[in-house]
(Lines of atoms letter the chains of each structure in order from A; the text may use other names.)
(Lines give C-alpha, C1' and ligand atoms only; values in the text may rest on other atoms or scores of the structure.)
Protein backbone atom coordinates (compact mmCIF):
# COMPACT_ATOMS: atom_id res chain seq x y z
CA UNK A 1 0.00 0.00 0.00
CA UNK A 2 1.49 3.38 -0.92
CA UNK A 3 2.30 5.78 1.86
CA UNK A 4 1.19 9.40 1.79
CA UNK A 5 4.71 10.65 1.05
CA UNK A 6 5.22 8.30 -1.92
CA UNK A 7 5.15 9.87 -5.36
CA UNK A 8 4.23 6.59 -7.02
CA UNK A 9 0.56 6.34 -7.83
CA UNK A 10 -1.06 3.22 -9.13
CA UNK A 11 -4.11 3.17 -11.35
CA UNK A 12 -7.16 1.48 -9.86
CA UNK A 13 -7.99 -1.85 -11.38
CA UNK A 14 -11.38 -2.25 -12.97
CA UNK A 15 -12.89 -5.69 -12.76
CA UNK A 16 -14.60 -7.00 -15.85
CA UNK A 17 -13.21 -4.28 -18.12
CA UNK A 18 -11.07 -5.57 -20.93
CA UNK A 19 -9.11 -3.43 -23.35
CA UNK A 20 -10.19 -3.84 -26.98
CA UNK A 21 -8.44 -6.60 -28.86
CA UNK A 22 -7.53 -4.21 -31.65
CA UNK A 23 -7.20 -0.45 -31.40
CA UNK A 24 -10.22 1.33 -32.79
CA UNK A 25 -9.76 2.91 -36.21
CA UNK A 26 -9.57 6.72 -36.24
CA UNK A 27 -12.61 6.91 -38.54
CA UNK A 28 -14.64 4.84 -36.06
CA UNK A 29 -13.63 7.11 -33.18
CA UNK A 30 -14.52 10.18 -35.24
CA UNK A 31 -17.90 8.69 -36.14
CA UNK A 32 -18.60 7.97 -32.45
CA UNK A 33 -17.83 11.58 -31.54
CA UNK A 34 -20.03 12.85 -34.37
CA UNK A 35 -22.90 10.61 -33.30
CA UNK A 36 -22.61 11.91 -29.74
CA UNK A 37 -22.56 15.49 -31.04
CA UNK A 38 -25.63 14.71 -33.14
CA UNK A 39 -27.49 13.51 -30.04
CA UNK A 40 -26.64 16.74 -28.22
CA UNK A 41 -27.71 18.85 -31.20
CA UNK A 42 -30.98 16.90 -31.41
CA UNK A 43 -31.66 17.62 -27.72
CA UNK A 44 -31.09 21.33 -28.39
CA UNK A 45 -33.18 21.14 -31.58
CA UNK A 46 -30.48 22.98 -33.56
CA UNK A 47 -31.25 22.33 -37.26
CA UNK A 48 -28.01 23.90 -38.53
CA UNK A 49 -25.84 21.76 -36.27
CA UNK A 50 -27.84 18.66 -37.20
CA UNK A 51 -27.30 19.32 -40.90
CA UNK A 52 -23.57 19.95 -40.45
CA UNK A 53 -23.11 16.81 -38.37
CA UNK A 54 -25.08 14.73 -40.91
CA UNK A 55 -22.79 16.08 -43.64
CA UNK A 56 -19.70 15.21 -41.59
CA UNK A 57 -20.99 11.68 -40.91
CA UNK A 58 -21.74 11.22 -44.61
CA UNK A 59 -18.22 12.36 -45.47
CA UNK A 60 -16.61 10.01 -42.94
CA UNK A 61 -18.71 7.12 -44.24
CA UNK A 62 -17.77 7.78 -47.87
CA UNK A 63 -14.11 8.60 -47.25
CA UNK A 64 -13.16 5.81 -44.86
CA UNK A 65 -14.25 2.23 -45.12
CA UNK A 66 -15.69 0.72 -41.92
CA UNK A 67 -13.19 -1.14 -39.77
CA UNK A 68 -15.37 -4.28 -39.84
CA UNK A 69 -15.00 -4.43 -43.63
CA UNK A 70 -11.23 -4.05 -43.27
CA UNK A 71 -11.11 -6.88 -40.74
CA UNK A 72 -13.02 -9.15 -43.13
CA UNK A 73 -10.67 -8.28 -45.98
CA UNK A 74 -7.62 -8.98 -43.81
CA UNK A 75 -9.08 -12.33 -42.77
CA UNK A 76 -9.54 -13.53 -46.37
CA UNK A 77 -6.34 -12.13 -47.86
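Numbering (UniProt numbering), first residue to last: 1 to 77. Glycine residues also receive a C-beta, built at the ideal position from the N, C-alpha and C atoms.
Classified as buried, residue 53 has 16 or more neighbouring CB atoms from the shown chains inside 10 Å of its CB. Within the same chain, and ignoring the five residues on either side of residue 60 in sequence, the residues whose Cβ sits closer than 8 Å to its Cβ are 27, 30, 31, 34.
Along the region 31-64, the alpha helix (DSSP H) occurs as fully enclosed runs of 4 or more residues at 47-63, listed in sequence order. Counting only residues of its own chain and dropping the five nearest sequence neighbours on each side, residue 49 has a CB closer than 6 Å to the CB of 41. When secondary structure is reduced to three states using DSSP, residue 26 falls in the helix class.
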